[in-house]
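J.:
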Amino acid sequence: MKFIHMSDIHLGTPGMLVEGIDPQARLARAFGHIAEHHADAVRLVITGDLTHWADPEAYAALKQALRVLPMPVRLMVGNHDDRAVFLDHFPDHPSDEGGFINHAEDLPEGRFIYCDTVQTATHAGHFCSARRGWLQGQLEGCQTAYVFFHHNPLHLGDPSTDMLSLNDADQAPLRALLKAHRDKIAHIFFGHVHEPLSGTLAGIPFSGVPSTVHQVIPNLSPSMFSGMAPLEPSYRVVLLRGEDVAVHQIPFAWEGEVIWHGNDWNDWAKEACGVSREN
Ligand SMILES: [Fe+2]
554 MKFIHMSDIH
564 LGTPGMLVEG
574 IDPQARLARA
584 FGHIAEHHAD
594 AVRLVITGDL
604 THWADPEAYA
614 ALKQALRVLP
624 MPVRLMVGNH
634 DDRAVFLDHF
644 PDHPSDEGGF
654 INHAEDLPEG
664 RFIYCDTVQT
674 ATHAGHFCSA
684 RRGWLQGQLE
694 GCQTAYVFFH
704 HNPLHLGDPS
714 TDMLSLNDAD
724 QAPLRALLKA
734 HRDKIAHIFF
744 GHVHEPLSGT
754 LAGIPFSGVP
764 STVHQVIPNL
774 SPSMFSGMAP
784 LEPSYRVVLL
794 RGEDVAVHQI
804 PFAWEGEVIW
814 HGNDWNDWAK
824 EACGVSREN
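Structural data, given as structure tokens:
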């Protein structure tokens, strides 16, 4: 099974730039790339920061842009989003009983669990006891789970971005909950950090996807400042292969040269590479 993980598309009003980049043009390019190369994906999951300032026009633009994609799309909110404005434009989108944009679905490979980690008026993530209760129910009711967050649910050792991770009070109980179910959680996916990330949380593999717009350069010294740069944007193609999960990063906007090379042993011989034995 193939699905797409994308995050932090930061749409604005038409023509608005974010960190010098046009997010709508970037999204159109990413969606065009997906439609051309990965139309067989069964889902596209966008893990939040759908917009930059929660402008109604930005959600309207997203709704329009999604029409080019053949697969079902699962949307999550991030710290730059607004639940009410989001729901104005996606009124049929599922929510939980508490009004959070928590939802889940069962696919043949397991339960996909989409968690709402947003708290109003802060860039840090929250996952209160009500939300943890909802997640616990979802985990208890399945055999295999793939869990999606906007915020990174753990500190990553970068003080400037750790300020914006899931808040300290919620991290420990969420970790305990995830740890109690780690035998069935195949992978955790998140966005928010705008970096290509991988690692483990209590033994559970995780990956964080870059933004389709601006990226963050890791700053591992004591600092409150994050460096941002227009590095290569990407989305991820995730392949669920039996017991295994493979995560591929797709640089959809790359305009430089691509050299196609055979991978047979003789294709890598010096002569085949244009290098003579005398050199
Ligand atoms: Fe973001």
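Heads up, the sequence shown is in my numbering, so the first residue is 554 and it goes up one at a time.
A virtual CB, placed ideally from N, CA and C, is assigned to each residue, including glycine.
Quantities reported herein were computed from a predicted structural model and do not represent experimental measurements.
(1) Is there at least one non-hydrogen atom of ligand 1 closer than 7 Å to the beta-carbon of S713?
(2) Go through its chain and collect everything with a Cβ distance to E785's Cβ below 6 Å, but skip five positions before and after it.
(3) Just the C-alpha distance for I666 and L754, rounded to the nearest angstrom, thanks.
(4) Classify V746 as helix, strand or coil using the three-state DSSP reduction.
(5) Contact check, L624 vs L793 under 8 Å by CB: the rounded distance?
(6) Report yes or no: do the segment 590-597 and the segment 626-639 share at least 3 C-beta pairs separated by less than 8 Å?
(7) Compare the C-alpha of D721 against each of T673, C681, E693, I738 and name the closest.
(8) Decide if R620 is buried, meaning its Cβ has at least 16 other Cβ atoms within 10 Å, or exposed.
(9) Taking the alpha carbon of P758 as the point to measure from, which residue in Q696, L564, R735, R579 has its own alpha carbon closest?
(10) For A822, which residues does DSSP report across the bridge?
(11) Please determine, among L719, A677, A825, the residue with the shortest C-alpha to C-alpha distance to G815.
(12) Starting from D834, follow its DSSP beta bridges and name the residues at the other end.
(13) According to the Cβ coordinates, are H563 and H642 closer than 8 Å?
(14) Helix, strand or coil for H563, going by three-state DSSP, please let me know.
(15) Should D602 be listed as close to ligand 1, given that the test is whether its C-beta is under 7 Å from any heavy atom?
(16) Quick check on F701: buried or exposed, where buried means 16 or more other Cβ atoms within 10 Å of its Cβ?
(17) If we ignore side chains and look at the alpha-carbon of each, how far apart do P576 and A822 end up?
(18) Pick from A583, T765, W606: whose alpha carbon is nearest that of M569?
T.: Here's the rundown:
(1) no
(2) P804
(3) 17 Å
(4) coil
(5) The displayed chain sequence assigns Met, not Leu, to residue 624. Going by Cβ atoms, the distance from M624 to L793 rounds to 15 Å, so no, they are not a contact pair.
(6) yes
(7) C681
(8) exposed
(9) R735
(10) Looking at the DSSP assignment, A822 forms no beta bridge with any residue, so it has no partner.
(11) A825
(12) Outside the shown range of the chain (554 to 832) lies residue 834, about which nothing can therefore be said.
(13) no
(14) coil
(15) yes
(16) buried
(17) 43 Å
(18) W606
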